[in-house]
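Residue 1 is where the sequence shown starts when you use the UniProt record's numbering, and the numbers rise one by one after that.
Here a beta-carbon is modelled for each residue, glycine too, at the ideal position from N, C-alpha and C.
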Amino acid sequence: MLRYRRYRVFVVLAVLTILALYQFGGSYSTNWQQAASSLSHLHDSDADADAKPPAAADQQQPEQQAPPALDKIEIPEAEGHVEPTATPPPVPPGDVPPQRIPPPLPSARPSPPALGDTSDGPAEPLDPVAAEVPAPAPPMAEAGEGRVEVDRPPTTLPVIHWERPTEHFPVESTVPLPTATPRRDIPRIQHDFAGQRAASAADDEIRLQRLAAVKDAFEHAWGGYREKAWMADEISPVSGGQRNPFAGWGATLVDSLDSLWMMGLVEEFDHAVEEGVAKIDFTTSIRGDIPLFETTIRYLGGLLGAYDISGGRHRVLLDKAVELAEIVMGAFDTPNRMPITYYYWKPAFTSQPHRASTGVVLAELGSLSIEFTRLAQLTKEPKYYDAIARITDALEEWQMDTRIPGLWPTKLDASGCQKHMNQIVSQSPRDATEELLGANATMLDADVTSPQQPHGWEKRQMDDLPKAGAQANANGNSGAQPATNNIPTPPDALGQPGSAQEQGNRQPNCIPQGLGHVSQTASEAYSIGGMADSTYEYLPKQWLLLGGALSQYRTMYEASAEAAIEHLVYRPMLPPPEESGPGSREWDILFAGSKHVKGPASRSDGSSSSSYSPNGDRFEAEGAHLTCFAGAMFALGAKLYPDTRGAAGDMDAARRLTDGCVWAYNITATAIMPESFHVVPCESADPAAPCPWDEDLYKRYLDPNAEQRWRAYEQQLDRERERDEMASLRALTRSSPAPAPAATPAPLAPADDAEPAGPPRFPQATPPAAAAPRLPPTVPDGLQVQKPLTRDEFVEAKVRDERIPRGLTAIGGRKYILRPEAIESVFYMYRVSGDPYWREAGWDMFSAVQRHTRTEWANSAIDDVTKEAPQLLDEMESFWLAETLKYFYLLFADEDLVSLDDYVLNTEAHPFKRPDMVA
């Protein structure tokens, strides 16, 4: 019979649980669903686009609604543009291959954002004056991916266009664009090639043959794109299909424009502009979000670079750059003017105020300056410069207060809002944990166990990292997400579920702050490679583009270069030349690794110390293709600032870093560098310091767990011996005969001290003879304890099975996705030094890449550079034509073509004209 008093505690707990679920679960989720449904009429068409298959290629295009007219900006006539140096005679393109029908691509259409309040009608924009400043979005709320595969929706559906929103956080005064006369003392960057132009006719013939081979490779890939994927973002170079990972605006088309011009393909250039660029509509997209970084470096940079290199030949290039810039400028409309790096462009989202994310990738924040500055110079519109100048100011303010002064962590909090501790405690346990631990509590230790998190930085992202869809989502759920959810649905205007009125009532107060750490306690990564690289790269380039008028960028670069050399650049231990194959030589090389630094130590009084303890910090002796750009950066810095960075030996570091990437190309079966790898670091980067090859140390890096493995084996042996002994004892007990019944003892004889005779207390048996040790011993189920491999055996098997080249200890990423960073630094080293060694190294790299990546239609990424016959992956990034082949071409072209003393190259190799130099 149920007794109430016995179970009343459980009844009370059940009632409290139900009330809690009703309060915290039902109300929030209901409000979120109501908010989504209240704006469903704004994006029903997009939802239909997700469900319906794409229209056939030959389907008749219906008439679409006209995009909204952009406010016209008076663009002055271009000044100071000149035609480039004439290129060598064009090479006839190869035969056009027969057409093939591309296979259908899987749909990855993201869901449209569900935004607004809980009313029946559409949500009205919040008054930025009356409404409180929004809190930071939940962790991961604005995190996205640079690449998101999206199919084009059926053309029968209406098209949603961007509309110019009312600015919620207008600037009070605009930061003016520096217009001072360029400095007279900017040093010359390029080597003086005048004395080397008298090369032999045979040498010049070889150079021209190589130049023609690179041009032929470009024409082959461009021809495949034009025939099979025109106006799409990318061609699928094996199947002849197409992909649209960058908003469907024709990324390869725009990215390739200035390459066409440089190679003398003027007719192709004109056709691409008139029949391609002029027809791009940036006011609509097949993606729900705009990746700000990728859009800026590829599209905005591509348009401006083509405009500059052609001397302003087509005004539509600048007009389209302005059209695109006006759209993405909305990403900067936040309380602290830090941009939303994945910008949801549809009116339902842009009509409401937002903050920047609490977990922003450094490269996505700090790599916008060159493009927006050049646009401001061409249009005389200072707001474009104002947008990026505020980012620079924020980075400068924080630079010397990070855990490695001079460098910034690869992820940072750009929200400008720090919560009080009591507000964190009042949240749900999950939210409070995330607030305390950083942008994503489930990924707290990701910095420690692997390179950085993947969301964001496709151009500067290690290709073999897991995709963001497999990481924890904004609701704290982990596990792989469907392809249609690759772009997370954005939060509402206040960054949390619920109506605007409810948000205002429970809006937490915000402690204003500048840029900050994602977490005050967790480890964070510092690197000049992926997720950080172009932030550092742009500092000297921005100084150069402004004609040296602003010392801010120079001082920031000098501080970062000094810190990078001290903390990140290292020398690898290399095998003797005779063990590295025929033709090997002594290598004097460097790599740039990464460092994981924990939060500040706590004082005994409980307060936080500003000093960072090295205890628990970890250095990764890694090499990565993305980091190969560093040679070019240090070479440029050494040339521009000879009294500081030049005197510090940065040119030598540039040479050794670039040669490190050349070495990495030489050691694989394909003669192509892996995406990432690890080596054994030397104690000192000084080439004079001893760092001989240590075979035992190398094997310990390859097999760090040998001692632990043998200890576990010995412990298992002990357990098995004990089991054998007990089993033997039990067997003997069962097999011994039972003792006979004892007779009634006779009366004891008197007086003898001897113990009376009688049966033994335990059965006796003859002790077993000492047996030879059994290794491994037999276990009851008939299996044997597996003897582990010795370290030598383990290393031999690992190197063989994983195809690890001599000198590497592990390969993190085996792909090659047609990356440009290594040839970028080789090109820079040739242009600043004039050393023909770099041309030879570049030709070897080009030959290997062509041998393993060329397809019927273009060139393809490959799956594993350690295979003698790698598999083609049917992917060709737009930077193959924009960067990789451009750098190969410029390496063998006349040195006056795109001279580094005339142009600044952005991180996608788009050339921006430097201000006129004063003689």
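Looking only at C-alpha atoms, which of the options sits nearest to residue i?
| i | options | result |
| --- | --- | --- |
| His808 | Gln871, Leu574, Ala858 | In the sequence as presented, His is not what sits at residue 808; that position holds Leu. Measuring from the Cα of Leu808, the nearest candidate turns out to be Leu574. |
| Phe629 | Tyr538, Pro600, Gly646 | Tyr538 |
| Ile589 | Ile528, Thr658, Met829, Asp617 | Thr658 |
| residue 934 | Leu412, Glu396, Thr295, Gly637 | This structure cannot settle anything about residue 934, because the visible part of the chain is limited to 1 through 919. |
| Ala414 | Gly366, Ser351, Tyr641, Phe892 | Gly366 |
| Glu524 | Tyr557, Lys595, Tyr570 | Lys595 |
| Asp718 | Tyr698, Glu695, Val785, Asp204 | Val785 |
| Ala664 | Phe591, Met338, Tyr342, Glu856 | Phe591 |
| Ala671 | His852, Lys787, Glu558 | His852 |
| Ala356 | Leu412, Pro405, Leu318 | Leu412 |
| Glu622 | Cys661, Thr668, Gly548, Lys383 | Cys661 |
| Gly330 | Thr341, Lys320, Ala321 | Thr341 |
| His517 | Gly276, Thr535, Trp408, Val795 | Trp408 |
| Leu317 | Ala272, His354, Ile370 | Ala272 |
| Ala564 | Ile823, Phe619, Glu364 | Phe619 |
| Ala848 | Ala217, Leu897, His168 | Ala217 |
| Thr181 | Leu545, Phe879, Glu895, Leu881 | Leu545 |
| Thr392 | Tyr343, Leu550, Thr379 | Leu550 |
| Lys639 | Lys541, Thr668, Tyr713, Thr402 | Lys541 |
| Thr668 | Tyr816, Leu515, Tyr641 | Tyr816 |
| Asp289 | Glu562, Ala632, Ala348, Gly305 | Ala348 |
| Ile327 | Lys598, Leu300, Pro353, Ser310 | Leu300 |
| Pro915 | Ile297, Ser519, Trp543 | Trp543 |
Using the DSSP secondary-structure output, state which residues sit across from residue i in a beta bridge.
| i | result |
| --- | --- |
| residue 921 | Outside the shown range of the chain (1 to 919) lies residue 921, about which nothing can therefore be said. |
| Asp413 | Gly516 |
| Gly623 | Phe677 |
| Phe169 | Note: Phe169 sits in no beta bridge, so no partner. |
| Ser551 | Partner(s): none; Ser551 has no beta bridge. |
| Lys913 | Tyr903 |
| Gln542 | According to DSSP, which records beta bridges pairwise, Gln542 is partnered with nothing at all. |
| His596 | Ala525, Arg618 |
| Gly813 | Ser676 |
| Ile511 | Gln418 |
| Val569 | Ala592 |
| Ile862 | Tyr816, Leu872 |
| Tyr343 | Ile290 |
| Leu808 | Val679 |
Can you give me the Cβ contacts of residue i inside the same chain, cut-off strictly under 6 angstroms, excluding the 5 residues immediately before and after it?
| i | result |
| --- | --- |
| Thr555 | none |
| Val175 | Asp386, Ala389 |
| His625 | Met673, Glu675, Arg819, Glu821 |
| Pro53 | Because Pro53 sits at a pLDDT of 38, beneath the cut-off of 50, its placement in the model cannot be relied upon, and the following sentence gives the value as read from the coordinates. No residues qualify anywhere along the chain. |
| His314 | Val273 |
| Ala14 | none |
| Glu895 | Phe193 |
Residue i: buried (16+ other C-beta within 10 angstroms of its C-beta) or exposed?
| i | result |
| --- | --- |
| Ile511 | exposed |
| Asn859 | buried |
| Leu674 | Residue identity check: residue 674 is Pro in the sequence provided, not Leu. Label assigned to Pro674: buried. |
| Met400 | exposed |
| Pro572 | buried |
| Ser173 | exposed |
| Gly469 | Low confidence applies here, because Gly469 scores a pLDDT of 37, under 50, leaving its location unreliable; read the following figure in that light. With 16 or more other Cβ atoms within 10 Å, it is buried. |
| Leu378 | buried |
| Asn705 | exposed |
Examine the ligand NAP and report whether any of its heavy atoms sits within less than 8 angstroms of the Cβ of residue i.
| i | result |
| --- | --- |
| Trp857 | Of the ligands one can find in the structure shown there are none, so the ligand NAP has no counterpart to examine. |
Less than 8 angstroms between C-beta atoms, sequence neighbours within five positions excluded: which residues of the same chain meet that for residue i?
| i | result |
| --- | --- |
| Arg814 | Asp464, Pro674, Glu675, Asp863, Asp864, Val865, Thr866 |
| Gln242 | Pro102, Leu105, Lys228, Ala229, Ala232, Asp233, Glu234, Ile235, Ser236 |
Looking only at its chain, what residues have a beta carbon closer than 7 angstroms to the beta carbon of residue i, apart from the 5 residues adjacent to it on each side?
| i | result |
| --- | --- |
| Ala653 | Ile565, Val569, Leu590, Phe634 |
| Tyr701 | Val680, Thr809 |
| Gln552 | Thr392, Glu396 |
| Gly593 | Leu568, Tyr570, Phe619, Glu620, Ala621, Glu622 |
Using 8 angstroms as the cut-off, can you tell me whether the region 182 to 193 makes contact with the region 226 to 237, which would need three or more C-beta pairs spanning the two stretches below that distance?
Result no; under three Cβ-Cβ pairs closer than 8 angstroms.
Handout entry: At least three beta-carbon pairs within less than 8 angstroms, the region 724 to 734 to the region 830 to 843
Key = Three or more Cβ pairs closer than 8 angstroms define a contact, and the region 724 to 734 falls short of that threshold against the region 830 to 843.
Between the region 662 to 678 and the region 807 to 826, do at least 3 Cβ pairs fall closer than 8 angstroms? A contact exists between the region 662 to 678 and the region 807 to 826.
* Could you tell me whether the region 255 to 271 touches the region 152 to 163, using the rule of 3 or more Cβ pairs below 8 angstroms? => Contact annotation: the region 255 to 271 does not touch the region 152 to 163, with fewer than three C-beta pairs closer than 8 angstroms.
Notebook entry, point to check: Counting Cβ pairs closer than 8 angstroms, one from the region 646 to 656 and one from the region 898 to 910, do we hit at least three?
Noted result: Segments in contact, no.
With three or more beta-carbon pairs closer than 8 angstroms as the criterion, would you say the region 277 to 285 touches the region 875 to 890? Taking 8 angstroms as the limit for Cβ pairs, the verdict is that the region 875 to 890 does not touch the region 277 to 285.
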